[in-house]
Amino acid sequence: LSRTLKVNLDDSAFEGPNPLGAVASQFIVAGGVPNAIYRALPGVLTQVNQTRTPVVPEALRKLAEIEQFRVFVTTTFDPLLADCVGAIRRVTPNVMAYAPRAAAALAEFRIGENRDRTLEVLHALPAPVVVHILGKLSSTPNYVVTEEDAFEFVYSLQETRPEGLFDLLAQMKLLIIGCRFPSWLVRFFLRTARRRRLLQTALDRTDFVVDAGAADDASLVQFLRNFKTQTEIFTKYEPTEFVNELHRRWTARARAGSDATTDFMTPCSVFVSYASEDAAAAGRIAEKIGAAPLPVWLDRGRLASGDDWARKIRRNIEMAAAFVPILSKASTFRGSREFRKEWRYAYDVRNGLPQNEPFIYPLVIDDLPRGSVEIDDELSALQWDAPGADGSLSAGFVEKLRGAYRGSQLRGIRG
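The opening residue of the sequence shown carries number -1 in the working numbering; numbering runs sequentially from there.
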């Protein structure tokens, strides 16, 4: 940008927290027309992408891999975060941007009456959401480059407040990573995301700010800690160090089978249903589906029965790309079995789909007779597959699941 606008700056200017803002400010001070900055930036970014091999920052990749993160709010105007999320999640994210006098899109956020219900809404979305809170790259001055831009955005928030977004932020616990803004702007965002004075202690949440640079701002650290704002500030970790540790712990937890299997399922996953006697076999099958690689879900902890269990299981089956019932002699035992309720939910979903979308893909793991009277007619009428002698899944079966996954992504969440 400095070459395009013919701005000469000392090397020290490029070592500060906002070198782009320094170039833009110097251009304006020298008499340049501000709009020229925004007209030039799209071309500059295109040129950079054409002359250099795009490199996805490791920290962004690791954040995108944490599937429980469904809403990303970025303060940058470039598409790097959205591109990274799309590549890692293999689905095009829903990208929104705030701009003064144009907040209507952000008002369309759907939220529930409490945090749990809102989480259900977010996890039912067919794709994660990326919000450019300070504007998105364009040829018009609708994004933040300088601190004066930031001030103008904040001022306009009072007139065109994106209610949907801030309603969402008011319910959620926030993790703010590496946003090296002036002290006043950090305080403003924290206050705006809450609806109550920061010093009130009745909040049922704690927000987290991760920025080693904040250690140099003693007034901000003192404000957040002394006024009991229920904000934890991490000044001993660089943002990349924090993300590395967060990702390491999340990965370890997922491998241990203690991730969201007792709560939420990633949309378009393969739902594995099994009798409790077949838990070990179901776990091995789920691992092989995950290695395909396909997103997979099974209730490892066997959620407690009752209305809450039924609601969560039904929701997960409705969000699934495919339903895989594990059939065995154990599944023929009559009585009130939870997996049979899952089968009935799956029948309801299947009945609402076109005939060319099977949705249900039975997998038999022992010598259960195909004509067993204890197996529902709906399942007996379908094609059954079976693992190999070594427990492997056939290429044809995996390809069926891949086709269901691709179709579910294109179609979006049913309902």
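In this text, a Cβ means the ideal position worked out from N, Cα and C, and glycines have one as well.
None of these values were measured; they are calculated from a predicted model.
ASN112 carries a coil assignment under DSSP once its states are collapsed to helix, strand and coil.
No Cβ-Cβ contact shorter than 8 Å links VAL127 with PHE75. By the neighbour-count definition (other C-beta atoms within 10 Å, threshold 16), LYS134 is a buried residue. Using a 10 angstroms sphere on the CB of LYS60, the tally of other CB atoms reaches 16 or more, which defines it as buried.
In this structure, the CA atom of VAL5 is about 53 Å from the CA atom of GLY401. The Cβ atoms of LEU325 and ILE287 do not sit closer than 8 Å to each other. DSSP, read as helix, strand or coil, puts ILE373 in coil.
Collapsing the DSSP output to three states places ASP383 in a strand. Around the C-beta of THR51, fewer than 16 other C-beta atoms lie within 10 Å, and the residue is accordingly described as exposed.
Sequence-distant partners of ALA279 (beyond 5 residues in either direction) whose C-beta falls short of 7 Å from its own C-beta, in its chain, are ILE324, ILE363.
Assigned with DSSP and collapsed to three states, SER271 falls in strand. The DSSP-derived three-state label of MET263 is coil. Considered as a whole, the segment 63 to 95 harbours 78 to 87 as its complete alpha helix (DSSP H) runs of no fewer than 4 residues, in chain order.
When secondary structure is reduced to three states using DSSP, ASP147 falls in the helix class.
DSSP, reduced to helix, strand and coil, places ALA320 within a strand of the structure shown. PHE232 has VAL208 as its beta-bridge partners, per DSSP.
LEU155 carries a helical assignment under DSSP once its states are collapsed to helix, strand and coil. Comparing alpha carbon positions, the residue from TYR403, THR264, TYR36 closest to ILE64 is THR264. When DSSP reads this structure, TRP295 sits in a beta bridge with PHE269. Counting only runs of at least 3 residues, the segment 4 to 33 fully encloses no beta strand (DSSP E) element at all. A distance below 7 Å between beta-carbons, with the five flanking residues on each side excluded, links ALA319 to the following residues of its chain, in chain order: CYS266, SER267, VAL268, ALA402, TYR403, SER406.
ILE311 is positioned such that its CB atom lies no closer than 8 Å to that of VAL241.
For LEU361, the beta-bridge partners assigned by DSSP are ILE324, ASP383. It is roughly 18 Å from the alpha-carbon of GLN45 to the alpha-carbon of VAL21.
GLY133 is bridged by DSSP to TYR141. Distance from the CA atom of PHE395 to the CA atom of ILE86, rounded to whole angstroms, is 24 Å.
Taking the Cβ atoms as the reference, LEU183 lies roughly 7 Å from VAL152, within the contact range of under 8 Å. The Cβ atoms of ALA308 and GLU275 lie no closer than 8 Å to each other.
Per DSSP, LEU173 is one residue of the beta strand (DSSP E) stretching across 173 to 175.
Non-local C-beta neighbours of LEU296 in its own chain, meaning closer than 8 Å and more than five positions away in sequence, comprise THR259, PHE269, VAL270, SER271, TYR272, ALA280, GLY281, ALA284, ordered along the chain. By the CB criterion at 8 Å, PRO91 and ALA80 fall inside the cutoff. Listed as beta-bridge partners of VAL128 by DSSP are PHE70, VAL93.
With contacts defined by Cβ atoms closer than 8 Å, GLU316 and VAL347 form a contacting pair. Taken atom to atom, the span from the alpha-carbon of LEU172 to that of GLU157 is near 24 Å. If the five residues before and after LEU39 are omitted, its C-beta is found closer than 7 Å to the C-beta atoms of LEU(-1), LEU135, all from its own chain and listed in chain order.
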